[in-house]
Amino acid sequence: MPDETESSMTRTYVLVVVIEIAVIAALWFMKVTFSV
Amino acid sequence: MRALDWLVVVVYLVWMVYDGLRRSKDTSEVEGYFLANRSLPWWAVGLSVMATQLSAITLVGTTGQGYADGMRFVQFYFGLPVAMIILSLTLVPFFYRAKVFTAYEYLERRFDLKTRTLASVLFLCSRGLSCGVIIAAPAVILSIILGWNLTLTILAIGLPTAVYTMVGGVQAVTWTDVKQMAVIVGGLIAALGALVIGLPDGIGMSEALHVAGAAGRLNSVDFQVDPRQTYTFWSGLLGGLFLMLSYFGCDQSQVQRYLTARSVDEGRHSLLMSAYYKIPLQAVVLLTGVLVFVFYLFNEPPMLFNRVHADAIERSTRAGEFRALEVEFNRAFEARREAATVLAHAPEGSARAGAAEAFREASSGVVSIRSRAASLVREVTGDERYRDKTGDTPVPDVNYVFPHFVVTRLPVGLVGLMIAAIFAAAMSSIAAELNSLATSTVIDIYKRLVRPAETDAHYLVVSKLATGLWGIFACVVATFAAGLGSLIEVVNRFGSFFYGSLLGVFVLALAFRRATGTGAFVGLGAGIAAVALFAFHPATKGISFLWQNPLGVIVVVIVGMGVSLMTRGERSGA
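Which chain is which? The protein sequence lines are Y and R, in order. Its first residue numbered 1, the first sequence is counted upward by one per residue in this note's numbering. Its first residue numbered 1001, the second sequence is counted upward by one per residue in this note's numbering.
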């Protein structure tokens, strides 16, 4: 794989952050949905 | 274990050794042996990074955590994705372009030989000992649960790993890691499937999760700002960030994984694979533990999962007390099962809230009897670890929950697959550690300090010998550590003292041009001392260990810069 452009790597980093927020939100949603 | 389970475990071991040994043809030079000539694809390196981090004690301990304390441990990994981005922007391109074999090699270029040697020796001491612990911990559990001979179990885990790592070098480590990750994930999926199928009639995943929620097992995101709570959103995001930066950026066992990648970007993508998948994977491992908890609400668990102590009491003069407790435990379990069944079928609203309250009351009866059993164990055996609890389970019981479930409840064949998965988790971490220990021994110590002018063929022979010797050392340490629970804690603590401080030295190297070698050297010592004091001082002892890492970084930077300014005549800003 040739080295990617900085903008392409930046998009990847943003995607990592977005996915982390989504995963934490999903865990939070599971906690709230099933808490009694 | 039945014949089919044995067959699965033996096939797994033969497959790994065969696969590792056949990689030897690509390792005729030191760079090929330690770095695969920087030729590996990102996805294989990424899986190797994940397999190295996931040791057997992580697999078994995390499912136990899920059973005892629910999902909260997942927060430990919240800093990991951000750490991977920071490393992809800083250390990965830096190490790759510097063409170093070890992270510590860079410290000599930037500072001086003594800083490099101190960092390398600290790594060798902590990782050498921890490699023994990584073998000992699962060996003790498997030998107790399956009745195997402890020494033979240690050798069954340690020797095949040492042999294929010694012969095949980093190629063997990486390609076996790929297959070991497949075995681990396959085993987990099979265990999850068996748990879902094993739920009683009329109770599906939704009902199971409602019961788990009522027991506080789904508390995966906790925004409390309390430094004494080990796992919160904040301790995971900030404390965990520093720990992950240090582990993936300064620990040779991980640095060496991404140095084998074909290019800087392939190295970056290999780390970012963990950024994408680590939290979901850990959530699945913890959820497996939570479902084991739900399983044992409807199927009677043993009063204590670690049978060694239970058996010791049954042979003692207080056996009668223990049996009486078991009768009480059976009654309390039945009451809790009824309460859990009512809760699972309760309609939403006040009926469910009332059923949840009744369930929690019934659960407290079970927990109280377990606590009395733990006190009895402590009084009879003198094992003080029974004083502490993880969630509502005695600490020494936590690591036995999942293996006990596997061998007593999974169908034939799946038991073998899960035991193979535990072996895979142990072997993947051990192989990476042996490989990195040998690299640092040869590159940072032998080649730099002992015999600097030998041929590549000479260093290759020494590298293979070093790998084999570290393998033998790890098995010997494992044999001693297995009988000393407290030694395992000491080794783990020693590693945590060193992580934040080592990260501090790299921060000094990269971000402070005026930092000098003496500053870095003194700062590293001061950081380790400060973290040790913080960990043992009565005023700070109870604070989550995750905060030790930022502390180490701060102390190293402040002391390091202070000393650097006083020793300005030295070389700096290389």
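Where a beta carbon is used, it is the ideal one built from N, C-alpha and C, also for glycine.
- Task: Just the C-alpha distance for residue 16 (chain Y) and residue 1275 (chain R), rounded to the nearest angstrom, thanks.
- Result: The alpha-carbon atoms of residue 16 (chain Y) and residue 1275 (chain R) are separated by roughly 7 Å.
- is_contact[residue 1056 (chain R), chain Y] using C-beta, thresh 7 Å: no
- With DSSP as the reference, label residue 1040 (chain R) as helix, strand or coil. For residue 1040 (chain R), the three-state secondary structure derived from DSSP is strand.
- Item | residue 1376 (chain R) versus R:1226, R:1365 and R:1310, residue with shortest Cα-Cα distance | Ranked by Cα distance from residue 1376 (chain R), the options R:1226, R:1365 and R:1310 are led by R:1310.
- For residue 1261 (chain R), name the three-state secondary structure that DSSP assigns. strand
- Entirely within the segment 1306 to 1338 of chain R and at least 4 residues each: give me those alpha helix (DSSP H) ranges in chain order. DSSP runs (the alpha helix (DSSP H)) wholly in the segment 1306 to 1338 of chain R: 1307 to 1314.
- Message: Against residue 1220 (chain R), what residues of chain Y qualify as contacts under a CB-to-CB distance less than 8 Å, listed in chain order?
- Response: Ordered by position in chain Y, the residues that pass the 8 Å Cβ test against residue 1220 (chain R) are 27, 28, 30 and 31.
- If we count the other Cβ atoms within 10 Å of its Cβ and call it buried at 16 or more, is residue 1018 (chain R) buried or exposed? Counting of Cβ neighbours within 10 angstroms places residue 1018 (chain R) among the exposed residues, the total staying below 16.
- Message: Assuming residue 1104 (chain R) and residue 1440 (chain R) are in contact, meaning their beta carbons sit under 8 Å apart, how far apart are those beta carbons, in whole angstroms?
- Response: 7 Å
- Item | Reduced DSSP secondary structure (H/G/I, E/B, other) of residue 1093 (chain R) | helix
- Would the segment 1236 to 1244 of chain R and the segment 1376 to 1395 of chain R be scored as touching if the rule is three or more Cβ pairs under 8 Å? no
- Task: Report the residue from R:1566, R:1247, R:1204 and R:1279 whose alpha carbon sits nearest the alpha carbon of residue 1519 (chain R).
- Result: R:1566
- Task: Leaving out five residues on either side along the sequence, give the residues of the same chain with a beta carbon under 6 Å from the beta carbon of residue 1427 (chain R).
- Result: 1161
- Query: Roughly how many whole angstroms lie between the Cα atoms of residue 1106 (chain R) and residue 1472 (chain R)?
  - Reply: 29 Å
- Task: Examine chain Y for any beta-carbon lying closer than 7 Å to the beta-carbon of residue 1237 (chain R), and answer yes or no.
- Result: Not a single C-beta of chain Y is nearer than 7 Å to the C-beta of residue 1237 (chain R).
- Message: Relative to the C-alpha of residue 1125 (chain R), which candidate in R:1479, R:1436, R:1465 and R:1539 has its C-alpha closest?
- Response: R:1436
- Message: Quick check: the Cα distance between residue 1451 (chain R) and residue 1130 (chain R), rounded to an integer number of angstroms?
- Response: So the two alpha carbons sit approximately 28 Å from each other.
- Task: Please list, in chain order, all residues of the same chain as residue 1421 (chain R) whose beta carbon is under 8 Å from its beta carbon, the five residues on each side excluded.
- Result: 1059, 1183, 1184, 1186, 1187 and 1188
- residue 1480 (chain R) versus residue 1296 (chain R) - alpha carbon distance: 34 Å
- Euclidean distance between Cα positions of residue 1372 (chain R) and residue 1396 (chain R): 14 Å
- Three-state secondary structure (DSSP) of residue 1393 (chain R): strand
- Query: With a cut-off of 7 Å, does the C-beta of residue 10 (chain Y) fall near any C-beta of chain R?
  - Reply: no
- Residues of chain R with a CB under 7 Å from the CB of residue 36 (chain Y): which are they? Residues of chain R passing the Cβ test: 1210, 1213, 1214, 1352, 1353 and 1356.
- Item | Validate contact between the segment 1254 to 1273 of chain R and the segment 1067 to 1078 of chain R using beta carbons, cut 8 Å, 3 pairs | no
- Message: Helix, strand or coil, according to DSSP, for residue 1232 (chain R) in the structure here?
- Response: coil
- Item | Whole-angstrom C-beta distance between residue 1099 (chain R) and residue 1517 (chain R), which should lie under 8 Å | That belief does not hold up - the Cβ atoms of residue 1517 (chain R) and residue 1099 (chain R) are roughly 21 Å apart, past 8 Å.
- Message: Would residue 1503 (chain R) and residue 1250 (chain R) qualify as a contact pair, given that the criterion is a beta-carbon distance under 7 Å?
- Response: yes
- By how many angstroms is the C-alpha of residue 1063 (chain R) removed from the C-alpha of residue 1354 (chain R)? 29 Å
- Can you say whether residue 1454 (chain R) is buried or exposed, counting buried as having 16 or more other CB atoms within 10 angstroms of its CB? exposed
- For the alpha helix (DSSP H) holding residue 1549 (chain R), just list the boundary residues, first then last. 1548 to 1566
- Reducing DSSP to helix, strand and coil, say where residue 1516 (chain R) ends up. strand
- Message: With a threshold of 7 Å between beta-carbons, can residue 14 (chain Y) be considered close to chain R, or not?
- Response: no
- Query: Using 7 Å as the limit for Cβ to Cβ distance, is residue 18 (chain Y) near chain R?
  - Reply: no
- Query: Residues in the segment 1327 to 1348 of chain R with C-beta within 8 Å of chain Y's C-beta atoms, listed in sequence order?
  - Reply: Cβ contacts with chain Y come from 1343.
- Query: Which of helix, strand or coil does DSSP assign to residue 25 (chain Y)?
  - Reply: helix
- Query: Under the three-state reduction of DSSP, which class applies to residue 1006 (chain R): helix, strand or coil?
  - Reply: helix
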